[in-house]
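J.: To start, I am sharing the structure in question, which I have written as structure tokens.
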Amino acid sequence: MGPVNIEGSSIRLLVVDDYEPFRRFVCSTLRKRPFQIVGEASDGVAAVRQAEELKPDLILLDIGLPRLNGLQAAQEIRKLSPDSKIIFVSQESSPEVVQEALSLGARGYVAKTRAASDLLAAVEAVLEGKRFVSSGLTASG
Numbered sequence: 149m150g151p152v153n154i155e156g157s158s159i160r161l162l163v164v165d166d167y168e169p170f171r172r173f174v175c176s177t178l179r180k181r182p183f184q185i186v187g188e189a190s191d192g193v194a195a196v197r198q199a200e201e202l203k204p205d206l207i208l209l210d211i212g213l214p215r216l217n218g219l220q221a222a223q224e225i226r227k228l229s230p231d232s233k234i235i236f237v238s239q240e241s242s243p244e245v246v247q248e249a250l251s252l253g254a255r256g257y258v259a260k261t262r263a264a265s266d267l268l269a270a271v272e273a274v275l276e277g278k279r280f281v282s283s284g285l286t287a288s289g
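For the sequence shown, our numbering gives the first residue as 149, with consecutive numbering after it.
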């Protein structure tokens with residue numbers, strides 16, 4: 149038998165945000181764990197294409213994206229890469245948007261203002277099969 153990765157296996161991630169400095173922040177934060185960033189996208193169309201090609205374990209997805217917003221992209225991704233888990237990372241904080249995101253099958257929702265403290269916690273929770281929503285955000289209903 150070959151060497152065993154203590155962490156289980158390298159989790160493959162796709163990071164989608166149209167603001168490059170924030171995308172870089174997310175990637176550098178995620179690299180503190182044994183995660184593999186397999187792709188980055190700056191719009192919804194590219195996110196859907198990369199999700200279909202790469203079949204990542206987890207997709208960190210912004211909502212305010214050009215060409216196809218994150219909610220629309222998530223609907224397409226659910227069809228093309230149904231095993232990929234989605235965590236929205238967005239500045240949108242209205243209960244209606246959070247609820248819609250979760251109803252589309254997202255496993256987590258992180259407010260960008262809380263990304264520094266919540267991002268790794270959200271990823272770990274979702275990978276353990278739990279749901280994560282940043283404190284202060286409420287999903288109505």
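Where is the CB? At the ideal position from N, CA and C, for every residue including glycine.
So, for Val274: in the same chain, excluding its five sequence neighbours on each side, which residues have a beta-carbon less than 8 angstroms away from its beta-carbon?
T.: Along the sequence shown, one-based indexing puts residue 274 at 126. Taken in chain order, the residues that qualify are Leu206, Lys233, Ile235, Arg255, Gly256, Phe280.
J.: What separation, rounded to the nearest whole angstrom, lies between the Cα atoms of Lys278 and Val271?
T.: Counted from its first residue, the sequence shown places residue 278 at position 130. Counted from its first residue, the sequence shown places residue 271 at position 123. Straight-line Cα distance between these residues: approximately 10 angstroms.
J.: With DSSP as the reference, please indicate the residues paired to Arg160 in a beta bridge.
T.: Here the question's residue 160 lines up with position 12 in the sequence shown. BP columns for Arg160 point to Gln184.
J.: What residue does the alpha helix (DSSP H) around Gly192 start on, and which one ends it?
T.: As a position in the sequence shown, residue 192 is number 44, starting the count at 1. It spans 192-202 - the alpha helix (DSSP H) in which Gly192 sits, taken as one unbroken run.
J.: With Phe227 as the anchor, note down where its beta strand (DSSP E) starts and where it stops.
T.: As a first step, residue 227 is located in the sequence shown; it is residue number 79 there, counting from the start. Looking at the sequence itself, residue 227 is Lys, so the reference to Phe does not match. Premise fails: Lys227 lies in the alpha helix (DSSP H), 218-228, not in any beta strand (DSSP E).
J.: Verify whether the separation of the beta carbon atoms of Asp266 and Asp210 is less than 8 angstroms.
T.: The residue given as residue 266 occupies position 118 in the sequence shown. The residue given as residue 210 occupies position 62 in the sequence shown. It is not a contact, given that the beta carbons lie outside the stated cut-off.
J.: Can you list, in chain order, the stretches of the alpha helix (DSSP H) that have 4 or more residues and sit fully within the segment 227-269?
T.: Listed in chain order, the complete alpha helix (DSSP H) runs (minimum 4 residues) inside the segment 227-269 are 243-251.
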